[in-house]
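Student:
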Amino acid sequence: MRSVFVGLVLFAVIPLNDAACWREKLKQGATHCQDAVDKTWHVVGSSWGNSKCHECDCDNDLLSCCTR
125 MRSVFVGLVL FAVIPLNDAA CWREKLKQGA THCQDAVDKT WHVVGSSWGN SKCHECDCDN
185 DLLSCCTR
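With positions in the sequence shown counted from 1, the corresponding number in this note's numbering is that position plus 124.
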């Protein structure tokens with residue numbers, strides 16, 4: 125019975141790993157964000173997907189990327 129419980133807990137936790145996000149504050153007055161994975165530059169206000177399947181957004185003061 126204990127192994128069934130542990131298995132259920134693991135199956136519940138695994139999807140949480142896929143929803144990883146990271147954020148980076150931009151310098152004041154920045155006009156572009158640099159994707160840390162692909163090293164590509166993107167204008168503030170844009171969104172893109174990179175080669176590691178991250179969905180990224182470049183806002184006025186924040187770059188944020190999350191796994192799809």
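Beta carbons are placed, not taken as given, at the ideal position from N, Cα and C, and that holds for glycine.
Pull up the DSSP beta-bridge partners for cysteine 190, would you.
Tutor: For cysteine 190, which the question treats as bridged, DSSP gives the partners Cys145, Glu179.
Student: Relative to the alpha-carbon of valine 168, which residue among Glu148, His178, Ala144, Leu187 has its alpha-carbon at the smallest distance?
Tutor: Comparing Cα-Cα distances from valine 168 to each of Glu148, His178, Ala144, Leu187, the minimum goes to Leu187.
Student: For serine 170, does the three-state DSSP call read helix, strand or coil?
Tutor: Serine 170 falls in the coil class under three-state DSSP.
Student: What does DSSP give as the partner residues of glutamine 158 in its beta bridges?
Tutor: Note: glutamine 158 sits in a beta bridge opposite Trp165.
Student: Excluding the five sequence neighbours on either side, which residues of its own chain have a C-beta within less than 6 Å of the C-beta of aspartate 162, listed in chain order?
Tutor: Taken in chain order, the residues that qualify are Asn174, Ser175.
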